[in-house]
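Trainee:
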Amino acid sequence: MSLILTAESPPLVTDSAGVVRVAGTRVTLDTVVAAFHDGATADEIAEQYPTLQLSDVYAVIGYYLRRKADVDEYLAARERCAEEVRRENESRLSPVGVRSRLLARRSSRE
Numbered sequence: 102m103s104l105i106l107t108a109e110s111p112p113l114v115t116d117s118a119g120v121v122r123v124a125g126t127r128v129t130l131d132t133v134v135a136a137f138h139d140g141a142t143a144d145e146i147a148e149q150y151p152t153l154q155l156s157d158v159y160a161v162i163g164y165y166l167r168r169k170a171d172v173d174e175y176l177a178a179r180e181r182c183a184e185e186v187r188r189e190n191e192s193r194l195s196p197v198g199v200r201s202r203l204l205a206r207r208s209s210r211e
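Under the numbering used here, the first residue of the sequence shown is numbered 102, with each subsequent residue one higher.
Here's what the structure looks like:
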């Protein structure tokens, strides 16, 4: 009996917002790569995110390792976008004193 070798695509999809996710889940590529960078094994990542299949975690890590420069560029672009959104939000509503304003609002309702 011989083994038939076939190329498989990584289990990744791009959603309507341009975010790359593990197919069939809400887990982002960013999340898997960050956990991997933090030293988590594929088994630990699969345990932490029950919607992920262990084989998919290995496939995503393999994809990352083979295309590290491209994935790192994508992740850096996502981080720049997140920082821009953060700055924009903070310019419209100062985060200073948020906790005290929320606590005051809660007290006035009680």
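Quick reminder that beta carbons are idealized off the backbone N, C-alpha and C, glycines included.
Grouping DSSP H, G and I as helix and E and B as strand, with all else coil, what is Arg127?
Mentor: If DSSP states are grouped into helix, strand and coil, Arg127 belongs with coil.
Trainee: When the Cα atoms are used, what is the spatial distance from Ser110 to Asp173?
Mentor: Each residue's Cα considered, the two are about 19 Å apart.
Trainee: Tell me where the beta strand (DSSP E) around Leu113 begins and ends.
Mentor: Leu113 -> beta strand (DSSP E) spans 113-115.
Trainee: Should Asp157 go down as buried or exposed, given a rule of 16 or more other Cβ atoms within 10 Å for buried?
Mentor: Answer is buried; the Cβ neighbour count reaches 16.
Trainee: Could you check what DSSP says for Val133 in three-state terms: helix, strand or coil?
Mentor: Here Val133 sits in helix by DSSP.
Trainee: If distances are taken between C-alpha atoms only, which option among Ser201, His138, Ala108 comes closest to Leu166?
Mentor: Checking every option, the nearest Cα to that of Leu166 belongs to His138.
Trainee: Thinking just about the alpha-carbon of each residue, which of Gly198, Thr129, Cys182, Leu176 is nearest to the one in Thr152?
Mentor: Residue Thr129 is the option with its Cα nearest to Thr152.
Trainee: Which term fits Val121, buried or exposed, when burial requires 16 or more other beta carbons within 10 angstroms of its beta carbon?
Mentor: Buried: at least 16 other Cβ atoms inside 10 Å.
Trainee: Going by DSSP, name the residue or residues bridged to Arg168.
Mentor: The partner list for Arg168 (beta bridge, DSSP) is empty, contrary to what the question assumes.
Trainee: Compare the C-alpha of Val125 against each of Ala135, Val114, Asp131 and name the closest.
Mentor: The amino acid at residue 125 is misidentified as Val; the sequence shows Gly. For the residues Ala135, Val114, Asp131, the minimum Cα distance to Gly125 belongs to Val114.
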